[in-house]
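Student:
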Amino acid sequence: MEHAELLEVLRQLVHYASSGTTASHPDGARRNPTSNYTDAQQFELEKQRIFSRAPQLICLSGDLPEPGSYRTHDDTGVPMVVVRQADGGVRAFVNACAHRAARLVSGSGRLPQGGFVCPYHAWRYGLDGALQAVFKAQSFGPIAAQDYGLQPLPCEEKHGLIYAAPDPEAGFSVDEHLGELGPELGGWRLGEATRIQSGEWRLPTNWKLALDTFCEGYHFGPLHAKTVGQFSLTNCMSYDRYGKHGEHHRLGFPSKAVLGLAHKPESEWGDPFQYFSFVHYIYPNISLLVSQDEVEFFQLFPGETVGEHITRYTLYLRKPVDSEERREHGRQHFDYIYSVVDQEDYWVSAQVQKNLNSGMQRWTTFGRNEPSLINMHRTLRRMAGLPLVDEPAEPGAAA
59 MEHAELLEVL RQLVHYASSG TTASHPDGAR RNPTSNYTDA QQFELEKQRI
109 FSRAPQLICL SGDLPEPGSY RTHDDTGVPM VVVRQADGGV RAFVNACAHR
159 AARLVSGSGR LPQGGFVCPY HAWRYGLDGA LQAVFKAQSF GPIAAQDYGL
209 QPLPCEEKHG LIYAAPDPEA GFSVDEHLGE LGPELGGWRL GEATRIQSGE
259 WRLPTNWKLA LDTFCEGYHF GPLHAKTVGQ FSLTNCMSYD RYGKHGEHHR
309 LGFPSKAVLG LAHKPESEWG DPFQYFSFVH YIYPNISLLV SQDEVEFFQL
359 FPGETVGEHI TRYTLYLRKP VDSEERREHG RQHFDYIYSV VDQEDYWVSA
409 QVQKNLNSGM QRWTTFGRNE PSLINMHRTL RRMAGLPLVD EPAEPGAAA
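Position 316 of the sequence shown, counting from 1, maps to 374 under our numbering, and the rest follow consecutively.
Below, the structure written as structure tokens:
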């Protein structure tokens, strides 16, 4: 991002911090039905109308560094594999052999023989998915080879991001999907970030409930008193929306150091980005944190039932990893963030889900200081083809 834009965000955060205010929603506090997190029919609609259709952010460009590098993705119910091509491009396929549907590869890595080889019957495919050889073809019998290539899936790489869609008919454009957020993300040179470590959670919480924790800083002081709350301001954030329908957002979370800037001339502030980090929500299920040193990539997916979900967390370092000491620092940071999310954010989310499952509470409430939650849930309901259901929390207020 340009220095001028970072400075403008910092000015806004300094104003909020010094005045005890924060970004807010014009509609005020809103009540939302707890069925958003417990209704099985709504959950199925989300899977069908959101996750089976929306392009999925699979990984960053640096995760596929050379021809033959691949990464699998199974969390939408369609087994996908993305692979770097000989010409430097990226393609995606259904991760299944055209012969008997055996899984071709797992996890991530580099294809050792310049293409896919089925572990079941050794059929061979090129990086482009074309069938190259049938094992013992003479005894197998003649086939129309052009009809036995891997099933292609929509795929595009841009701004250091690799997207694919589980629906073969789901044409998409990364630029159209991200709107003006795309070039901003590209400005962070995400494709050059170095992957350090990944982890996951499989928890008894609805995927949206888990996602909520990444979308506000109201909880920093109470929940993270001994961790994040030690250095981050509570209940103070900037908020900007992106995309054709405002489906994405960017939150700026300041450190407590901004409190010392209100009475300093801007010429003495130095690098604006040392005072805050950005957390981007990328529709439908991504939380992407960008700070001076790190990129923290969270992917959240529905589980088997409405009250279950999967989170995958990957840490990247933005600066060159030119020593083992630097890599070890990254691993320590990963362990710290994983512990905070696990023992604080996701611990409380699991307790909330238990309470919601009891059916004893009809509503939860998003304050006007949580505008990102109000708008995100409205977007998710709209994309699932469901009516908006939030209502004013203030008695007598207009809907």
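Beta carbons: idealized from backbone N, C-alpha and C, even for Gly.
Which residue wins for smallest C-alpha separation from THR363, given the options PRO84, TYR95, PRO323, ALA81?
Tutor: Taking the sequence shown and counting its residues from 1, one reaches residue 363 at position 305. Here the closest residue by C-alpha is TYR95.
Student: Which partner residues does PHE359 have in the DSSP bridge list?
Tutor: Taking the first residue of the sequence shown as 1, we reach residue 359 at position 301. Answer by DSSP bridge pairing, in chain order: ILE368.
Student: DSSP three-state label for LYS302, please.
Tutor: For the purposes of this step, residue 302 is taken as residue 244 along the sequence shown, with counting starting at 1. LYS302 falls in the coil class under three-state DSSP.
Student: Let's test the definition: count the other Cβ atoms within 10 Å of the Cβ of PRO170 and tell me whether it reaches 16, buried, or not, exposed.
Tutor: As a position in the sequence shown, residue 170 is number 112, starting the count at 1. With fewer than 16 Cβ atoms within 10 Å of its Cβ, PRO170 is classed as exposed.
Student: Taking the C-alpha atoms as reference points, what is the distance between TRP327 and LYS314?
Tutor: Residue 327 sits at position 269 when you count from the first residue of the sequence shown. Residue 314 sits at position 256 when you count from the first residue of the sequence shown. Between TRP327 and LYS314, the C-alpha separation is close to 14 Å.
Student: With a Cβ-Cβ cutoff of 8 Å, do PRO312 and PHE331 count as a contact?
Tutor: Counting from one through the sequence shown, the residue named residue 312 turns up at place 254. Counting from one through the sequence shown, the residue named residue 331 turns up at place 273. Not closer than 8 Å, so no.
Student: For LYS216, report the span of its beta strand (DSSP E) as first-last.
Tutor: As a position in the sequence shown, residue 216 is number 158, starting the count at 1. 213-216 is the extent of the beta strand (DSSP E) around LYS216.
Student: Could you name each continuous beta strand (DSSP E) segment of 3 residues or more that falls completely within the stretch 251-308, going from the start of the chain to the end?
Tutor: 252-261, 296-300
Student: Which residue's Cα is closest to the Cα of ASP132: VAL447, HIS217, PHE174, PHE359?
Tutor: By one-based count along the sequence shown, residue 132 stands at place 74. Ranking VAL447, HIS217, PHE174, PHE359 by Cα distance to ASP132 puts PHE359 first.
Student: Are the CB atoms of LEU261 and HIS306 within a distance shorter than 8 Å?
Tutor: Here residue 306 refers to the residue found at position 248 of the sequence shown. Here residue 261 refers to the residue found at position 203 of the sequence shown. Going by C-beta atoms, HIS306 is not nearer than 8 Å to LEU261.
Student: Assuming GLY120 and ALA251 make a contact with CB atoms under 8 Å, what is their CB distance in whole Å?
Tutor: Position 62 of the sequence shown holds residue 120. Position 193 of the sequence shown holds residue 251. With 8 Å as the limit, GLY120 and ALA251 qualify as a contact, their Cβ atoms being about 6 Å apart.
Student: With DSSP as the reference, identify every bridge partner of PRO312, one or two as the case may be.
Tutor: What you label residue 312 is simply residue 254 of the sequence shown in a count that begins at 1. When DSSP reads this structure, PRO312 sits in a beta bridge with PHE334.
Student: For ILE220, does the three-state DSSP call read helix, strand or coil?
Tutor: Within the sequence shown, residue 220 is the residue found at index 162, counting from 1. ILE220: strand per DSSP, three-state reduction.
Student: What are the residues that DSSP puts in a beta bridge with MET138?
Tutor: Within the sequence shown, the letter at position 80 stands for residue 138. HIS131, VAL152.
Student: Nearest CA to the CA of LEU211: which residue from TRP181, LEU281, VAL148?
Tutor: Looking up residue 211 in the sequence shown gives position 153. The shortest Cα separation from LEU211 among TRP181, LEU281, VAL148 belongs to VAL148.
Student: Let me confirm a value: MET138 is counted as buried when at least 16 other C-beta atoms fall within 10 Å, else exposed. Which label applies?
Tutor: What you label residue 138 is simply residue 80 of the sequence shown in a count that begins at 1. So MET138 ends up on the buried side.
Student: Do PHE356 and TYR371 have their beta-carbon atoms positioned less than 8 Å apart in this structure?
Tutor: On the sequence shown, position 313 is the one that residue 371 refers to. On the sequence shown, position 298 is the one that residue 356 refers to. Yes, these two residues count as a Cβ contact at 8 Å.
Student: Which residue comes first and which comes last in the beta strand (DSSP E) that contains ALA191?
Tutor: As a working mapping, residue 191 is identified with position 133 in the sequence shown. Run containing ALA191: 189-191, per the beta strand (DSSP E) assignment.
Student: From the DSSP output, read off the bridge partner residues of GLN114.
Tutor: To locate residue 114, count along the sequence shown from 1; it is residue 56. Beta-bridge pairing links GLN114 to ALA222.
Student: Since I believe LEU219 is in contact with PRO125 (beta carbons under 8 Å), could you give me their beta-carbon distance rounded to a whole number of angstroms?
Tutor: What you label residue 125 is simply residue 67 of the sequence shown in a count that begins at 1. What you label residue 219 is simply residue 161 of the sequence shown in a count that begins at 1. Wrong, their Cβ atoms sit about 19 Å apart, outside the cutoff.
Student: Taking the alpha helix (DSSP H) that VAL163 belongs to, which residues open and close that run?
Tutor: Counted from its first residue, the sequence shown places residue 163 at position 105. Note, VAL163: premise wrong, no alpha helix (DSSP H); not H, not E.
Student: If I measure Cβ to Cβ from THR422 and keep anything under 7 Å in the same chain, skipping five residues before and after, which residues do I get?
Tutor: Counting from one through the sequence shown, the residue named residue 422 turns up at place 364. Contacts found: ASN90, THR92.
Student: Looking at the structure shown, is SER93 part of a helix, part of a strand, or coil, going by DSSP?
Tutor: Counted from its first residue, the sequence shown places residue 93 at position 35. Collapsing the DSSP output to three states places SER93 in a helix.
Student: I need the straight-line Cα distance from ARG439 to GLN196, nearest angstrom please.
Tutor: Residue mapping note: residue 439 aligns to position 381 of the sequence shown, counting from 1. Residue mapping note: residue 196 aligns to position 138 of the sequence shown, counting from 1. Rounded to whole angstroms, the gap between the alpha carbons of ARG439 and GLN196 is 55 Å.
Student: Quick check: the stretch 198-210 against the stretch 263-276, are at least 3 beta-carbon pairs closer than 8 Å?
Tutor: no
Student: In the stretch 404-437, which residue ranges form an unbroken beta strand (DSSP E) of at least 3 residues, counting only runs that do not cross its ends?
Tutor: 421-424
Student: Give the straight-line distance between the Cα atoms of VAL136 and ARG158, rounded to the nearest whole angstrom.
Tutor: On the sequence shown, residue 136 is found 78 positions in, with the first residue counted as 1. On the sequence shown, residue 158 is found 100 positions in, with the first residue counted as 1. Approximately 16 Å between the Cα atoms of the pair.
Student: Since GLY244 is in the alpha helix (DSSP H), which residue starts that stretch and which ends it?
Tutor: The residue you call residue 244 lines up with position 186 of the sequence shown. GLY244 -> alpha helix (DSSP H) spans 239-244.
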